[in-house]
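Novice: Residue numbers (this note's numbering), protein chains in the order written: chain S, 2 to 207; chain H, 2 to 207.
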DNA sequence: CCTAGACTCAAACGATTGTTTGAAACGCGA
DNA sequence: TCGCGTTTCAAACAATCGTTTGAGTCTAGG
């Protein structure tokens with residue numbers, strides 16, 4: 002099924018698809034553009050992934066499997082050490098995403114793709130993400146419920162809903178804030194994570 | 002240039018385009034789907050709007066002209082009455098959008114389209130919106146700067162960036178919160194606006 | 001060396017894309 | 001009623017879409 006050279010084609014398609022989906026959307030990026038950017042043959046997509054829809058899902062799977070694991074790992078460590086607070090739990094959610102977007106050349110590419118997925122209000126994609134990675138949000142929601150016992154269930158879910166929105170939007174770098182010249186991408190994103198935790202913790206606590 | 006019957010075709014195209022853009026994105030919704038939903042001839046789009054790109058811009062213009070006006074109107078009234086606070090200024094920004102999404106059958110349709118526009122990171126659309134409606138955000142930013150004099154410029158812009166993200170995402174109803182059965186669309190959205198103001202004010206103040 | 005399976009490739013499939021065309025239908029002022 | 005500008009219409013344009021095909025190349029195992 003897989004060989005040594007398979008790394009190349011499969012992985013390059015996923016990388017090119019990720020970037021083009023971020024830039025032009027799922028419908029807006031064609032397989033010809035993807036395969037041209039990846040420098041592979043057009044038919045390679047259907048050979049390795051079966052269809053465009055499967056390719057889209059695989060773009061998410063490649064990142065979200067590890068991202069989800071790291072988030073829950075940090076959350077568990079926090080609870081085990083007994084120093085869970087709004088700030089540390091938010092950090093457990095944000096920092097893995099921050100690292101993911103820092104160890105890649107493009108920066109926040111995948112986070113932008115993820116934000117695009119939220120816009121697909123009804124569709125296979127939302128179902129796919131909810132079915133496969135919904136448990137992560139559920140676990141974090143439970144942690145927040147423990148930290149905010151004074152809020153009733155409705156109140157809590159409203160605030161978490163808004164918090165997820167703020168995180169998604171900010172991590173995707175959709176905002177108007179430009180990186181200051183001389184400031185590195187790393188510094189910029191680390192500052193954003195810091196502000197994001199501060200802002201969101203205050204909103205949840207309010 | 003315009004006649005009594007022109008209301009029909011032009012306006013029905015805009016309405017159908019708005020709904021299909023919200024549901025499938027700009028690239029994902031074809032002109033044939035739009036004209037079929039609007040029950041007009043395919044060529045009517047290019048006759049009335051010139052091109053698909055122009056149609057997209059017009060979908061925004063139709064709503065944003067009035068929305069921007071109402072937002073600034075409320076903001077000015079607040080400042081004139083001398084009772085500007087974080088909550089009231091946020092209300093001046095949110096309530097007109099709330100009303101817009103309530104007086105239409107589809108609900109939050111246009112707000113979803115607007116959120117899609119933010120995902121088009123580089124493109125004519127971001128430039129178009131920034132050029133034509135950027136002054137609204139600028140005026141509100143100035144109002145917030147007056148209300149938060151203890152924050153330096155950088156700190157303020159970070160927080161506003163995150164706040165805009167939370168507002169955009171929440172108004173587009175991208176979240177996981179489902180309307181409770183028996184609860185009207187109106188009640189649901191009014192509750193959301195209330196929580197949004199509370200959350201965001203706390204985040205800005207933190 | 002030879003063969004079987006994994007992989008790549010150019011080419012083509014029918015369907016769909018945005019846009020254009022020219023003629024038909026409409027509606028109002030003269 | 002006539003005529004003219006506005007609007008609608010079916011049809012077609014070239015281009016591009018996702019997908020399939022079948023022959024080709026490559027490489028590891030016997």
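Glycine included, C-beta positions come from ideal geometry on N, C-alpha and C.
Which chain S residues are close to residue 117 of chain H, counting only those with a beta carbon under 9 Å from its beta carbon?
Specialist: For residue 117 of chain H, the neighbours in chain S by C-beta distance under 9 Å run, in chain order, 26, 117, 120.
Novice: For residue 35 of chain H, which of H/26, H/18, H/42 has the nearest alpha-carbon?
Specialist: The shortest Cα separation from residue 35 of chain H among H/26, H/18, H/42 belongs to H/18.
Novice: Would you verify that the beta carbon of residue 204 of chain H is, or is not, closer than 8 Å to some beta carbon of chain S?
Specialist: yes
Novice: With burial defined as no fewer than 16 other Cβ atoms inside 10 Å of the residue's Cβ, what is the status of residue 6 of chain S: buried or exposed?
Specialist: Summary for residue 6 of chain S: the model assigns pLDDT 36, below 50, so the residue's position carries little reliability; its value from the coordinates is reported in the next sentence. The residue in question, residue 6 of chain S, is exposed, as its Cβ has fewer than 16 Cβ neighbours within 10 Å.
Novice: Just to confirm, does residue 187 of chain H get its C-beta within under 7 Å of one of the non-hydrogen atoms of the ligand FMN?
Specialist: What this structure holds is no ligand at all, so the ligand FMN is not there to describe.
Novice: Taking only beta carbons into account, state which residues of the segment 91-113 of chain S come closer than 9 Å to chain H, listed in chain order.
Specialist: 113
Novice: Specify the secondary structure class of residue 166 of chain S as computed by DSSP and reduced to three states.
Specialist: Residue 166 of chain S: helix per DSSP, three-state reduction.
Novice: Taking beta-carbon pairs under 7 Å, can you tell me which members of the segment 164-180 of chain S lie near chain H?
Specialist: Listed by position, the residues of the segment 164-180 of chain S near chain H (Cβ gap below 7 Å) are 165, 166, 167, 169, 170, 171, 175, 176, 177, 178.
Novice: Would a check of beta-carbon distances place residue 201 of chain H closer than 8 Å to chain S?
Specialist: In terms of beta-carbon proximity, residue 201 of chain H lines the interface with chain S, with at least one pair separated by less than 8 Å.
Novice: Output the distance between the C-alpha atoms of residue 189 of chain S and residue 100 of chain S, rounded to the nearest integer angstrom.
Specialist: Each residue's alpha carbon lies about 13 Å from the other.
Novice: Between residue 14 of chain S and residue 39 of chain S, how many whole angstroms is the CB-CB distance? I'm expecting something under 8 Å.
Specialist: 5 Å
Novice: Does the CB of residue 160 of chain S have a neighbour CB from chain H at under 8 Å?
Specialist: The beta carbon of residue 160 of chain S falls within 8 Å of a beta carbon belonging to chain H, placing the residue at that interface.
Novice: So which residues of chain S does residue 16 of chain H contact, with C-beta pairs closer than 9 Å?
Specialist: Here the premise fails: no neighbours, minimum Cβ distance about 18 Å.
Novice: Does any residue of chain S have a CB that is nearer than 8 Å to the CB of residue 29 of chain H?
Specialist: Chain S, which has a Cβ nearer than 8 Å to the Cβ of residue 29 of chain H, makes this yes.
Novice: Please report the Cβ distance between residue 64 of chain S and residue 93 of chain S, rounded to the nearest whole angstrom; I am assuming they are in contact, meaning their Cβ atoms lie under 8 Å.
Specialist: Residue 64 of chain S to residue 93 of chain S, Cβ: 17 Å. No contact.
Novice: How many Å lie between residue 196 of chain S and residue 180 of chain H at the Cα?
Specialist: So the two alpha carbons sit approximately 31 Å from each other.
Novice: With a Cβ-Cβ cutoff of 8 Å, do residue 172 of chain S and residue 98 of chain S count as a contact?
Specialist: yes
Novice: Whole angstroms are fine: how far does the CA of residue 77 of chain S sit from the CA of residue 139 of chain S?
Specialist: 14 Å
Novice: Among S/71, S/114, S/104, S/144, whose alpha-carbon lies nearest the alpha-carbon of residue 95 of chain S?
Specialist: S/71
Novice: How would you list, in chain order, the residues of chain H whose beta-carbon sits under 9 Å from the beta-carbon of residue 189 of chain S?
Specialist: Per Cβ cutoff of 9 Å: no residues; residue 189 of chain S is ~10 Å from chain H at best.
Novice: Express the C-alpha separation of residue 142 of chain H and residue 161 of chain H in angstroms, rounding to a whole number.
Specialist: 7 Å
Novice: Taking CB distances under 8 Å as the criterion, tell me whether residue 197 of chain S reaches chain H.
Specialist: yes
Novice: Note down the Cα distance separating residue 111 of chain H from residue 58 of chain H, rounded to an integer number of angstroms.
Specialist: 13 Å
Novice: Which class does residue 40 of chain H belong to by DSSP, given the choice of helix, strand or coil?
Specialist: coil
Novice: Residue 207 of chain H CB to nearest chain S CB: under 8 Å?
Specialist: yes
Novice: Ordered along the chain, which non-local residues of its own chain (more than five positions away) have a Cβ less than 6 Å from that of residue 113 of chain H?
Specialist: Within its own chain, the residues whose Cβ lies closer than 6 Å to the Cβ of residue 113 of chain H, once the five positions on either side in sequence are excluded, are 23, 173, listed in chain order.
Novice: Residue 204 of chain S by DSSP, collapsed to three states: which one?
Specialist: In the structure shown, residue 204 of chain S sits in a helix (DSSP, three-state: H, G or I).
Novice: Fully enclosed by the segment 73-114 of chain S, which alpha helix (DSSP H) runs are 4 residues long or longer?
Specialist: 87-103
Novice: Quick one: give me the first and last residue of the alpha helix (DSSP H) that residue 132 of chain H is part of.
Specialist: 125-148
Novice: So is residue 86 of chain S buried or exposed if we call it buried at 16+ other beta carbons inside 10 Å?
Specialist: Around the beta carbon of residue 86 of chain S, fewer than 16 other beta carbons lie within 10 angstroms, which makes this residue exposed.
Novice: Quick check: the Cα distance between residue 147 of chain H and residue 80 of chain H, rounded to an integer number of angstroms?
Specialist: 11 Å
Novice: Would you mind giving the Cβ-Cβ distance between residue 16 of chain S and residue 117 of chain S, rounded to the nearest angstrom? I have them listed as a contact below 8 Å.
Specialist: In this structure residue 16 of chain S does not touch residue 117 of chain S by the C-beta definition: roughly 17 Å separates them, more than the 8 Å allowed.
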